[in-house]
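Which chain is which? The protein sequence lines are A and B, in order.
Start counting the first sequence at 2; every next residue gets the next number (my numbering).
Start counting the second sequence at 2; every next residue gets the next number (my numbering).
There are 2 protein chains.
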Amino acid sequence: MAKAGISLKGTKVSTLKKSRSTVEPGVRRRKKFDDKRQFILETALAVFSQYGFHGTTIEQIANSADISKTNLFYYFKSKEELYLTILENILNDWLAPIAGFDEVDDPKTAIENYIRLKLELSRDQPQASRLFCLEIIQGAPILKSYLNGDLKNIIEEKSKVIERWISQGKIKPVDPTQLIFTIWSTTQHYADFSVQVKAITGKDLTNKKFFEDTCQSIQNIIFNGIA
Amino acid sequence: MAKAGISLKGTKVSTLKKSRSTVEPGVRRRKKFDDKRQFILETALAVFSQYGFHGTTIEQIANSADISKTNLFYYFKSKEELYLTILENILNDWLAPIAGFDEVDDPKTAIENYIRLKLELSRDQPQASRLFCLEIIQGAPILKSYLNGDLKNIIEEKSKVIERWISQGKIKPVDPTQLIFTIWSTTQHYADFSVQVKAITGKDLTNKKFFEDTCQSIQNIIFNGIA
DNA sequence: GTCTATATGGCGATAGAC
DNA sequence: GTCTATCGCCATATAGAC
Numbered sequence: 002m003a004k005a006g007i008s009l010k011g012t013k014v015s016t017l018k019k020s021r022s023t024v025e026p027g028v029r030r031r032k033k034f035d036d037k038r039q040f041i042l043e044t045a046l047a048v049f050s051q052y053g054f055h056g057t058t059i060e061q062i063a064n065s066a067d068i069s070k071t072n073l074f075y076y077f078k079s080k081e082e083l084y085l086t087i088l089e090n091i092l093n094d095w096l097a098p099i100a101g102f103d104e105v106d107d108p109k110t111a112i113e114n115y116i117r118l119k120l121e122l123s124r125d126q127p128q129a130s131r132l133f134c135l136e137i138i139q140g141a142p143i144l145k146s147y148l149n150g151d152l153k154n155i156i157e158e159k160s161k162v163i164e165r166w167i168s169q170g171k172i173k174p175v176d177p178t179q180l181i182f183t184i185w186s187t188t189q190h191y192a193d194f195s196v197q198v199k200a201i202t203g204k205d206l207t208n209k210k211f212f213e214d215t216c217q218s219i220q221n222i223i224f225n226g227i228a
Numbered sequence: 002m003a004k005a006g007i008s009l010k011g012t013k014v015s016t017l018k019k020s021r022s023t024v025e026p027g028v029r030r031r032k033k034f035d036d037k038r039q040f041i042l043e044t045a046l047a048v049f050s051q052y053g054f055h056g057t058t059i060e061q062i063a064n065s066a067d068i069s070k071t072n073l074f075y076y077f078k079s080k081e082e083l084y085l086t087i088l089e090n091i092l093n094d095w096l097a098p099i100a101g102f103d104e105v106d107d108p109k110t111a112i113e114n115y116i117r118l119k120l121e122l123s124r125d126q127p128q129a130s131r132l133f134c135l136e137i138i139q140g141a142p143i144l145k146s147y148l149n150g151d152l153k154n155i156i157e158e159k160s161k162v163i164e165r166w167i168s169q170g171k172i173k174p175v176d177p178t179q180l181i182f183t184i185w186s187t188t189q190h191y192a193d194f195s196v197q198v199k200a201i202t203g204k205d206l207t208n209k210k211f212f213e214d215t216c217q218s219i220q221n222i223i224f225n226g227i228a
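Dropping the structure here:
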């Protein structure tokens, strides 16, 4: 009787309708509607990413967005729809950086670029990173099918690129998957654990020097180690 | 009016009373009481670490522990007390591994030991790791004072050890704090993101070979990099 | 589109019998 | 110590006026 968690019962994220997409008349009005929807989505992400789905109330989001509770329900028919739409939007951003992984043949450039892109994402979209983390920790009720499908395929594909580099002697032997996990964890850490990072260093990635130092430090360790 | 999040208003974790600690007669009865309390704590950790504070209901915990809701309230006067007690217990475990960091003079041994201990913790106490992660993501309302106090001091102390290694030429120049973050993130990743790890690799740290492979992979990258 | 009620249900916590 | 019953609050969502 799993009671808590989001009861999505097999809802496919990609199947989500944008709602109202069929209405056509009045392009101007339509744009205003979409803009406000977008604004609510961004506001809601900020709240959800801190308190989680259950810890967030519609009223909080409404207050942050300076609208009334009922008005929010005019734009999103339920709390779940709001949450799902956000998660769907995040996925693409989260996945984007790995796309350019086999474009370049030089592993050093490719991997250092990837590290930088992921770290930029942690800097520019820390809330998205945290929401994603919350989702995974809770067992990925919504994203599980995605993890087992698309993501798995992509990683297998990228792993082959890494293995080619190894067989060509361009990098040392290393488990490709473990290497990818290392990159993910080290870069996402600065978004997900930013409170801890800030408590200890007094800085976060919005600090330019700290960003560069962190980027180089991660790149250095992954390429040269410390020995 | 920050409404969500846990409304602890300055409650100091360390000030928590164990409740009933003053009652003396009947050592046998007392032990039974404590045992049951302990059992509830362990059960509750499992639930809290998946669904978070707000996503977890007392009823869920009670069901998991095979007791009634009311009976649970006999052992813990509120949901918050239950949660706080768990968090308090976790902290010590989480911190323990770093203690033996300056005992040994050889950096390779010390750091490889530390990585292994942290990874063992991710294997043996994944729920604790996830609850800790949830807490930090939400802004560490309860642990903030700890992060800024004890933890900061410990890290500064350990950083000096690392800097001594560097000045002695035993390891390459590296920002000590960044090195520690790298170790934390890479090892904790296998607990916090275990669902994702399992989706991609089909394994988790309870698999002996996978544990050893992961441990060596992390140790290798941190010491030798991939170049 | 936006507002003021209000319905509805769930959950933390308590009362009081045994 | 454990149970049954229940209180009271709060959060999601809807109805219906403007």
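Glycine residues also receive a C-beta, built at the ideal position from the N, C-alpha and C atoms.
Closer than 8 Å to chain B by CB, residue i
i, result
"C216 (chain A)", "no"
"L85 (chain A)", "no"
"S186 (chain A)", "yes"
"N149 (chain A)", "yes"
"V105 (chain A)", "no"
"G170 (chain A)", "no"
"D205 (chain A)", "no"
"Q39 (chain A)", "no"
Distance, residue j Cα to residue i Cα
i, j, result
"E82 (chain B)", "A100 (chain B)", "28 Å"
"R30 (chain A)", "I62 (chain A)", "23 Å"
"R165 (chain A)", "K171 (chain B)", "33 Å"
"I219 (chain A)", "K78 (chain A)", "43 Å"
"I138 (chain B)", "I59 (chain B)", "23 Å"
"R38 (chain B)", "E213 (chain B)", "35 Å"
"V24 (chain A)", "F34 (chain A)", "Residue placement at V24 (chain A) is poorly supported in this model, since its pLDDT is 48, which falls under 50; the coordinates still yield a value, given next. Cα to Cα, V24 (chain A) sits roughly 11 Å from F34 (chain A)."
"I227 (chain A)", "Y52 (chain B)", "38 Å"
"G150 (chain A)", "S50 (chain B)", "26 Å"
"G27 (chain B)", "N72 (chain B)", "21 Å"
"I156 (chain B)", "F102 (chain A)", "35 Å"
"V48 (chain B)", "K32 (chain A)", "43 Å"
"G56 (chain B)", "F54 (chain A)", "8 Å"
"L206 (chain A)", "Q217 (chain A)", "13 Å"
"N208 (chain A)", "K153 (chain A)", "34 Å"
"K161 (chain B)", "K199 (chain A)", "19 Å"
"I116 (chain B)", "R124 (chain A)", "26 Å"
"I222 (chain B)", "F182 (chain A)", "12 Å"
"K173 (chain A)", "F74 (chain B)", "57 Å"
"D36 (chain A)", "E104 (chain B)", "59 Å"
"T1 (chain B)", "K70 (chain A)", "Since the first residue of chain B shown is 2 and the last is 228, residue 1 (chain B) is not available in this structure."
"Y76 (chain A)", "L96 (chain A)", "27 Å"
"Y191 (chain A)", "F211 (chain A)", "11 Å"
"Y84 (chain A)", "G140 (chain B)", "20 Å"
"I167 (chain A)", "N64 (chain B)", "51 Å"
"G203 (chain B)", "G203 (chain A)", "38 Å"
Whole-angstrom C-beta distance between residue j and residue i, which should lie under 8 Å
i, j, result
"T86 (chain B)", "A66 (chain B)", "Contact flag wrong, Cβ pair sits at about 14 Å."
"S195 (chain A)", "P127 (chain A)", "6 Å"
"K119 (chain B)", "I184 (chain B)", "6 Å"
"L135 (chain A)", "D94 (chain A)", "Rounded, the Cβ-Cβ distance is 16 Å, inconsistent with contact."
"S130 (chain A)", "D193 (chain A)", "6 Å"
"L42 (chain B)", "N90 (chain B)", "7 Å"
"Q189 (chain B)", "L148 (chain A)", "Wrong, their Cβ atoms sit about 19 Å apart, outside the cutoff."
Top-ranked residue by Cα proximity to residue i, from the options
i, options, result
"F224 (chain A)", "A:K204, A:A111 and A:E104", "A:A111"
"P108 (chain B)", "B:I163, B:D94 and B:E157", "B:I163"
"K159 (chain A)", "B:R131, B:I201 and B:Q169", "B:I201"
"K145 (chain B)", "B:Q197, B:H190, B:L92 and B:I167", "B:L92"
"Q179 (chain B)", "A:Y75, A:Y115, A:D125 and A:S186", "A:S186"
"Q169 (chain B)", "B:I181, B:D106 and B:F182", "B:D106"
"L88 (chain B)", "B:Y75, B:K173 and B:P142", "B:P142"
"I68 (chain B)", "B:G203, B:F40 and B:Y191", "B:F40"
"L46 (chain A)", "A:L96, A:Y76, A:L132 and A:K210", "A:L132"
Below-8 Å beta-carbon distance, residue i vs any chain A residue
i, result
"K4 (chain B)", "Reliability fails at K4 (chain B), whose pLDDT of 45 lies under 50, so the model's placement of it is uncertain and the value that follows must be treated cautiously. Output row for K4 (chain B): interface = yes."
"R131 (chain B)", "yes"
"F194 (chain B)", "yes"
"D94 (chain B)", "no"
"T120 (chain B)", "According to the sequence displayed, residue 120 (chain B) carries Leu and not Thr. L120 (chain B) does not count as touching chain A."
Original post:
In the region 98 to 130 of chain A, which residue ranges form an unbroken beta strand (DSSP E) of at least 3 residues, counting only runs that do not cross its ends?
Top reply: With a minimum length of 3 residues, no continuous beta strand (DSSP E) run stays inside the region 98 to 130 of chain A.
**OP:** Note down, one range per segment and in chain order, each alpha helix (DSSP H) of at least 4 residues found wholly within the region 28 to 76 of chain A.
**Re:** For the region 28 to 76 of chain A, the continuous alpha helix (DSSP H) assignments of 4+ residues that do not extend past its boundaries occur at 28 to 56, 59 to 65 and 70 to 76, in sequence order.
Original post:
Along the chain, which unbroken stretches of the alpha helix (DSSP H) at least 4 residues long are found entirely within the region 164 to 199 of chain B?
Top reply: DSSP runs (the alpha helix (DSSP H)) wholly in the region 164 to 199 of chain B: 177 to 193.
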